[in-house]
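To start, the structure itself, in structure tokens.
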Amino acid sequence: MVKKFDLRSCSNKILKKIKKENEEELEIHYVPRCSNFNQFEEPETKKVKEISRKLVLKKRGNKIKTTPFIKEEEEDEDKVFNGGKELFIYLSILNDDDILAWYKLDPNGTFEGNQTQILSPISSISYNVIPNYYRTIGYDSKLYIMGGYKTRKDLDIGSKTFVCDTSSTNTWEESISMNSCKIGPQLAVVDGKIFAIGTLRLMNFKFKQPFAEVFDPSLNKWTALPSLPSDIHIYCVANSVFVRDQDEIIIFPSDYSSPKPHYAYRFNVKSHSWARFSDPFKIPADCTTSSVAVGNVIFRLQKENRLYACDMSHPKPIGRRVYGLEKEIKSFMSNTGHLFYIGNGKLCLIWSFKSKEHRDMKVIACLKFWVGMCNEKRRLEAVIDRCDHYLVNGRSILRDCVAM
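The sequence shown lines up with residues 1 to 404 when you count with UniProt numbering.
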């Protein structure tokens, strides 16, 4: 049985009465009702008329679990999640024949019981054609593979792009190349254009200009973006995320060999300007880091499978640990995690692991959860919705994963 209380009428006296009536220790969670998880302070410090909070208690054994409610983007059509379109996750697995196969799953889909669905590939391409360290982005029913690296003698391949139209042919074709080689570029879709920023740094690899550029699919054209200011030196771009509410792509480097303070960088997609600020995350990013922004809040999956959250609207943002996922991701491989926002206040984590029953197949896990504030513990907690599993052919790791 679920008991619901409006926080505005829920005093300390009433909370004590709830504990007494249940005759057991309760774990009480307060969950924010807002579009951007605004913003990790205790409920008592927030104005009721700005944010209405609900206390939801659900008895499960000797513990009380929470069901968060986060207001969905529904007031402004321009802010409707994913433009009102159904969201899908596209993932690539390298099979035993060196074929890069692409699969499609619905993160909001449900199926009965604990069934495991078998996915069939929707598209494939020879891995000999695609370089290592490529990146994938999805826009307007099309998947784009961009950048990469094979050998030091063939750096030009790092400027190539490939496109697959998932709404028609599902075949891969070479598209117009970028202006410069980029190894593992950071990609973001903003206002119908694809931004490609930076590169991973390999031994004896020298950056080529432009460092950042933008692709307009309607014109089939790449345009160079302004060079970095003289006081900004980014040697290795490891992770990035687009914060729509601030019109900024946040760049996280992985080179932490320099003395503190460590910096992250903002690129404004409207003014095409750069800015430097102190990195709010204590642990440096690497090429396995996965981030997603919900409103002003960046959620970031880091080393050792730890999830952090950071409100970028604060003058001095600080990343905070999110607890509650540890048991659910015990099969997690640190280099295969991909984090997404799937609407209705819900996050999704995709990873792969070996199947014990099917040795020639890979298991794809799709964990869906919310994040809220646990008032009693004074920390952020993940509330699990469900974890679905899928089977795909191939024994390789999950190569890439995008939402579209």
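Positions of the beta carbon are idealized from the N, C-alpha and C atoms, including for glycine.
Q | Reduced DSSP category for S159 - H, G, I as helix; E, B as strand; rest coil | A | helix
**Q.** Proximity to S230 [Cα-Cα], best of R276, P185 and S271
**A.** R276
Q | K327 - DSSP class collapsed to helix/strand/coil | A | coil
(Q) Tell me which residues share the same chain as I283 and place their Cβ nearer than 7 Å to its Cβ, disregarding the 5 neighbours each side in the sequence. (A) Q302 and K303
Q: Assuming F340 contacts V292 (C-beta within less than 8 Å), just tell me the rounded distance between them.
A: 6 Å
Q | Anticipated Cβ contact below 8 Å, Y133 with L91, distance rounded | A | Incorrect: roughly 17 Å between the Cβ atoms, too far for contact.
Q. Which residue comes first and which comes last in the beta strand (DSSP E) that contains R359?
A. Careful: R359 lies outside any beta strand (DSSP E) and carries neither H nor E.
(Q) Quick check: what's the CA-CA separation for R33 versus N239? (A) Low confidence applies to R33: its pLDDT is 34, below 50, so where it sits in the model is not reliable enough to give any reading.
Q. When we look at the beta-carbon of E248 and count the other beta-carbons within 10 Å, is it buried (16 or more) or exposed?
A. buried
Q. For the region 87-102 against the region 368-385, are there 3 or more C-beta pairs whose distance is under 8 Å?
A. no
**Q.** Segments of 3+ residues assigned as beta strand (DSSP E) that fall wholly inside the region 186-263
**A.** 186-190, 193-197, 212-216, 221-224, 237-243 and 248-253
Q) So which of I364, S218, F369 and I298 has the shortest CA-CA distance to H314? A) Check the Cα spacing between H314 and each of I364, S218, F369 and I298: the tightest is with I298.
Q) Taking the continuous beta strand (DSSP E) assigned at L119, which residues delimit it? A) No residue range can be given for L119, since it is assigned to no beta strand (DSSP E) and is classified by DSSP as neither H nor E.
Q. Can you tell me whether N268 is buried or exposed, with buried defined as 16 or more other CB within 10 angstroms of its CB?
A. Classification of N268: exposed, given that the 10 Å Cβ count is below 16.
Q) What's the C-alpha gap between A285 and S254? A) 5 Å
Q | Local Cβ density within 10 Å of D360, reported as buried at 16 or more and exposed below that | A | The residue in question, D360, is exposed, as its Cβ has fewer than 16 Cβ neighbours within 10 Å.
Q | Own chain residues within Cβ distance below 6 Å of residue 405, not counting five before or after | A | Here the chain has residues from 1 to 404 only, and residue 405 is not among them.
Q. Quick one: what does DSSP say E173 is sitting in, helix, strand or coil?
A. strand
(Q) DSSP three-state label for K303, please. (A) helix
Q.
Distance check for P107 and G192, CA to CA, integer angstroms please.
A. 23 Å
Q: Would you identify the three-state DSSP class for Y149, choosing helix, strand or coil?
A: DSSP places Y149 in the strand class (E or B) of the three-state scheme.
Q.
Check this for me: beta carbons of I176 and N128, under 8 Å apart or not?
A. no
Q) So what's V322 in DSSP terms, helix, strand or just coil? A) strand
Q: Taking all protein chains shown into account, decide if P317 is buried (16 or more other Cβ within 10 angstroms of its Cβ) or exposed.
A: buried
Q.
Could you give the first and the last residue of the continuous beta strand (DSSP E) run that contains H338?
A. H338 to Y341
Q) At what residues does the beta strand (DSSP E) containing K104 begin and finish? A) I99 to L105
Q: My understanding is that I194 touches A212, with C-beta atoms under 8 Å, so please give their C-beta distance in whole angstroms.
A: Contact doesn't hold; Cβ gap of about 12 Å is too wide.
Q. Three-state secondary structure (DSSP) at S291?
A. It is a strand residue.
Q | For residue 412, the nearest candidate out of Q186, Y265, S180 and V190 (CA to CA) | A | Missing from the structure shown is residue 412; the chain here goes from 1 to 404 and no further.
Q. So, R300 versus L380, is the Cβ gap smaller than 8 Å?
A. Not closer than 8 Å, so no.
(Q) Runs of 3 residues minimum, wholly inside the region 374-403: which ones carry the beta strand (DSSP E) assignment? (A) 379-393 and 398-403
Q.
Could you give the first and the last residue of the continuous beta strand (DSSP E) run that contains Y139?
A. R135 to Y139
Q: For R378, count neighbouring Cβ atoms within 10 angstroms of its own Cβ and tell me buried if that reaches 16, exposed if not.
A: exposed
Q. What number of angstroms, rounded off, separates the C-alpha of S271 from the C-alpha of M312?
A. 19 Å
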